[in-house]
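Structure first, commentary second.
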Amino acid sequence: MKPLNYLERTLIRQQGQADCGVACLASIMAYYGGHSRLERLRELSGTDTQGTTLLGLHQAAQQLGLDSEGLQADSIENLKTDVSGPVILNVLIDDRLQHYVVCYGWDNIAGFFSIGDPARGIEHYTTEELTAIWPARILLTLTPNASFVKQTDEKVAKRRWLLGLIRDDIPLLAIATGLGIVTAGLGLSTAIFSQKLIDEILPRHDTKRLLLGLALLAFLLVARAIIGYLRGFLLNRQSQDFNNRMVNRFYGALLYLPKSFFDSRKTGELVARLNDTSRIQRSINHITGAVVINALVLLVSAGYLFTYSAWIGLLSLVSIPLYGGLAWFFHKPILDGQRDVMAASARTESNYVDTIQGIDVIKTSNREPFFQEITTSVYSFFQKKAYSLGLVGLRFSLLAEATGALLIVGLMAITSLLVVQKSLQLGEMMAILTLTGTILPAVASLALTNIQLQEANVAFERMYEYAQLDPEHPAAIPQADFTFSSLTLHDVSFRFPGRPTLLDRVSLTIHRGEQVALLGESGSGKSTLLQLIQRFYKPETGQISVNDTDWESIDTPTWRHGLGVVPQHIKLFSGTLLDNICLGDTIGEADDIIDFCRTYGFAVYFEQFPQGYFTLLGEDGVNLSGGQRQLVALARALYRNPQLLLLDEPTSAMDQHTEQFVMNLLDNLRPQLAILLITHKPQLATTASRAYRLINHTLHVYESEVLPI
Numbered sequence: 002m003k004p005l006n007y008l009e010r011t012l013i014r015q016q017g018q019a020d021c022g023v024a025c026l027a028s029i030m031a032y033y034g035g036h037s038r039l040e041r042l043r044e045l046s047g048t049d050t051q052g053t054t055l056l057g058l059h060q061a062a063q064q065l066g067l068d069s070e071g072l073q074a075d076s077i078e079n080l081k082t083d084v085s086g087p088v089i090l091n092v093l094i095d096d097r098l099q100h101y102v103v104c105y106g107w108d109n110i111a112g113f114f115s116i117g118d119p120a121r122g123i124e125h126y127t128t129e130e131l132t133a134i135w136p137a138r139i140l141l142t143l144t145p146n147a148s149f150v151k152q153t154d155e156k157v158a159k160r161r162w163l164l165g166l167i168r169d170d171i172p173l174l175a176i177a178t179g180l181g182i183v184t185a186g187l188g189l190s191t192a193i194f195s196q197k198l199i200d201e202i203l204p205r206h207d208t209k210r211l212l213l214g215l216a217l218l219a220f221l222l223v224a225r226a227i228i229g230y231l232r233g234f235l236l237n238r239q240s241q242d243f244n245n246r247m248v249n250r251f252y253g254a255l256l257y258l259p260k261s262f263f264d265s266r267k268t269g270e271l272v273a274r275l276n277d278t279s280r281i282q283r284s285i286n287h288i289t290g291a292v293v294i295n296a297l298v299l300l301v302s303a304g305y306l307f308t309y310s311a312w313i314g315l316l317s318l319v320s321i322p323l324y325g326g327l328a329w330f331f332h333k334p335i336l337d338g339q340r341d342v343m344a345a346s347a348r349t350e351s352n353y354v355d356t357i358q359g360i361d362v363i364k365t366s367n368r369e370p371f372f373q374e375i376t377t378s379v380y381s382f383f384q385k386k387a388y389s390l391g392l393v394g395l396r397f398s399l400l401a402e403a404t405g406a407l408l409i410v411g412l413m414a415i416t417s418l419l420v421v422q423k424s425l426q427l428g429e430m431m432a433i434l435t436l437t438g439t440i441l442p443a444v445a446s447l448a449l450t451n452i453q454l455q456e457a458n459v460a461f462e463r464m465y466e467y468a469q470l471d472p473e474h475p476a477a478i479p480q481a482d483f484t485f486s487s488l489t490l491h492d493v494s495f496r497f498p499g500r501p502t503l504l505d506r507v508s509l510t511i512h513r514g515e516q517v518a519l520l521g522e523s524g525s526g527k528s529t530l531l532q533l534i535q536r537f538y539k540p541e542t543g544q545i546s547v548n549d550t551d552w553e554s555i556d557t558p559t560w561r562h563g564l565g566v567v568p569q570h571i572k573l574f575s576g577t578l579l580d581n582i583c584l585g586d587t588i589g590e591a592d593d594i595i596d597f598c599r600t601y602g603f604a605v606y607f608e609q610f611p612q613g614y615f616t617l618l619g620e621d622g623v624n625l626s627g628g629q630r631q632l633v634a635l636a637r638a639l640y641r642n643p644q645l646l647l648l649d650e651p652t653s654a655m656d657q658h659t660e661q662f663v664m665n666l667l668d669n670l671r672p673q674l675a676i677l678l679i680t681h682k683p684q685l686a687t688t689a690s691r692a693y694r695l696i697n698h699t700l701h702v703y704e705s706e707v708l709p710i
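Heads up, the sequence shown is in the numbering used here, so the first residue is 2 and it goes up one at a time.
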């Protein structure tokens, strides 16, 4: 087993509640000198909001050059005698929470197991303690093979990415730093003037010099205030520009990530990542402002103190190792606390979003008390983490203030003794104490800089993890000359990583001018097949061709430009009916949209809305019925002038009259495009050119006129 500091350095901390499995896999890769981003591992392992299966970790490891095998130990003694490298253990926390940790091995001398917990860090467990949390005795062994690639860490890349973000701000930051230096220098004027006032001006009753000195001091302090205002204005401007630029870049990168990314992330967690920009911005302001100013205050003030007495100067410098030692001692507890608070905060936001979005179900089921209890529990956990971090901060503040008090008392004792011995004048003593009052806060702030940077680093890691993911496809403008003739799926199989096969050797062909129906039981994979056609996922095996050519030759924007889709779960955005049909420039296209609705027959339904086409639909179309939502979705799909129309239960919430309107419309449109219709209603399938049924993950062909009910 390698040294403890190596284990601590290579242990990867989880970014979210469901990341423990992939964090353990990343830790073992780092242990052997490799590297992979957590989001890449999430994709390969099929990690979703509920976590990762052991099968998913096994499949991901194999793709990364690691020989992997899932085992069940006869007893915990197997970990002591039969395991030569780090392994992943599936443990149970508090007798109910599934969790993954890395077991690095057994220390015969110390008598404990070294366990890497991605949520808590390196911990040591006795045989009894590990037995208590490892009841199933399930583990995953991982060893690198010839295809395992060792990589250096990404510190340089991360630094380059951050510098790219602040490069445009460097002129403003440089000016703000210069103004900060001037502010720090002017801050010494009070100490110098107080010394001259007590030792020279007042004893001599020099009124003229007193008035001149007061006027000069007032001028310097007002100038300091004005410069401070200008510096604050520049930093405020930089903060606005930086946050806008960072959020735009991060959110822009987010929108182009594959759909599988969003399947495994909660909305609240993504929102929390966007809010992390403020932490990074605070650190930038702290470095360019407080750090530079405090460092200058320390150097100038300490140097000035040495002119009075070497002992006084040395005593003031003693504060540096004292405060530095405190910061080092509290570094890990504060960093761990910050991680826990961020993770708990993201979980709390996710719970809020999830609960509010499901308010209909909660009310219909009379489950308000239950969900209130869940929310209270989740929020209490967040507050518990914040409370624990607050206690650590209070302990640090107590020791820091006690250290500062002892230093001040020591300086007062030395300076008082020097005044009694007439080696120091009273005014000089007051100046020394004034300067000391600026040195100690400056040293304390500098000592805390590392903690502030670590907080920003946690936030930066969380954002960088997403921002550096590969986009779903290269940016491209859809080709206007693309014409769809046919789509063929041949022996296509698919499964989500870490999950059983969902589609098994599926073959399907659809031509322009045809309507093909697809039936099957709930959960049989019908909607997943439509998502494969939309290129949200890639098939595991098999071939897909468009117009008898490999569909990979057609770029994704062009392919999707030719699709019209009515999904099973329809998303409507806050805005007007027009906004939700065109999803674009409503003002420029309003007349075209209205003409389209009248041509296709939607006007009969839409013009009955309270404000017609300008009716606000509310968040997620809360003001519409299920049938109206499906009509809006169908209008949205057809307004794109698609060549292939994908419909997933498009009439399931409609009344008979509206459903007949939709079926007549589709029948009229059939010669112009291809239609793939998913339905549970055999009577709708009878109008199709051909019909298929998914049975046991395999597609079977049925003639529509003899389609069984």
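Each residue gets a CB set at the ideal place from its N, CA and C atoms; glycine is no exception.
Item	Value
Backbone CA spacing between Leu166 and His474 [nearest angstrom]	23 Å
CB contact flag (Leu647, Leu519, <8 Å)	no
Beta-carbon contacts of Phe537 that lie in its chain and below 6 Å, excluding the five residues immediately before and after	Lys260
Cβ-based neighbour list, Val183, same chain, cut-off 7 Å, excluding 5 preceding and 5 following	Ile228
Beta-carbon gap between Leu390 and Val342 smaller than 8 Å	yes
Own chain residues within Cβ distance below 6 Å of Thr127, not counting five before or after	Phe113
Cβ contact (3+ pairs, closer than 8 Å) linking the segment 657–676 and the segment 579–597	no
Whole-number beta carbon distance between Leu666 and Ile676, since they are thought to touch under 8 Å	So it is not a contact: roughly 11 Å between Cβ atoms.
8 Å Cβ cutoff met for Phe243 and Gln282	yes
Residue of Ile134, Thr142, Leu235 minimising C-alpha distance to Leu173	Leu235
Cutoff 7 Å; reference Tyr309; Cβ partners in own chain excluding five residues on either side	Leu425, Glu429, Ile433
Coil, strand or helix - Pro709 by DSSP	For Pro709, the predicted model reports a pLDDT of 40, less than 50, meaning its position is unreliable and no value from the coordinates is stated.
Same chain, Cβ closer than 6 Å to Gly405, five either side skipped, listed in chain order	Leu441
Own chain partners of Ala27 with C-beta closer than 7 Å, once the 5 adjacent residues on each side are dropped	Ile13, Ser37, Leu39, Leu42
Candidates Leu140, Asp596, Ser240, Gly253: closest to Ala476 by CA position	Gly253
Cutoff 8 Å; reference Ile123; Cβ partners in own chain excluding five residues on either side	Leu5, Leu8, Glu9, Leu12, Ser115, Ile116, Gly117
DSSP three-state assignment for Leu578, whether helix, strand or coil	helix
For Val103, the nearest candidate out of His125, Ala111, Ile110, Thr82 (CA to CA)	His125
C-alpha distance - Cys21 paired with Pro568, whole-angstrom precision	33 Å
Beta-bridge partners of Pro53, as assigned by DSSP	Sequence check: residue 53 is Thr here, not Pro. Thr53 pairs with nothing; no bridge assigned.
Asp96 classed as buried or exposed, judged by whether at least 16 other C-beta atoms fall within 10 angstroms	exposed
Inter-residue Cα distance where the pair is Lys364 and Pro683	34 Å
Three or more C-beta pairs below 8 Å linking the segment 403–418 and the segment 364–378	no
Whether Val84 touches Gly57 by CB criterion (8 Å)	no
Cβ neighbours of Ala468 in the same chain (closer than 6 Å, five flanking residues each side left out)	Phe251, Ala254
Between the CA atoms of Gly521 and Phe461 - distance to the nearest angstrom	46 Å
Where the alpha helix (DSSP H) through Ser115 begins and ends	Unbroken run through Ser115 is the beta strand (DSSP E), 113–118; no alpha helix (DSSP H).
Distance between Ala692 and Leu708 (C-alpha atoms, nearest Å)	For Leu708, the predicted structure reports a pLDDT of 43, less than 50, and the residue's modelled location is therefore unreliable. A value from the coordinates is still provided. In a straight line, the C-alpha of Leu708 is about 8 Å away from that of Ala692.
Status (buried if at least 16 other CB within 10 Å, exposed otherwise) for Ala311	exposed
Backbone CA spacing between Ser690 and Pro672 [nearest angstrom]	12 Å
Span of the beta strand (DSSP E) around Arg396	Counting along the chain, Arg396 falls outside any beta strand (DSSP E), though it belongs to the alpha helix (DSSP H) covering 369–421.
CA nearest to the CA of Ser317, picked from Ile375, Gln99, Ala445	Ala445
In DSSP terms, what Pro145 is bridged to	Leu67
Option in Ala328, Asn286, Pro119, Gln544 with minimal Cα separation from Ala175	Asn286
For Arg691: DSSP bridge partner residues	Val517
DSSP beta-bridge partners of Ser494	Thr542
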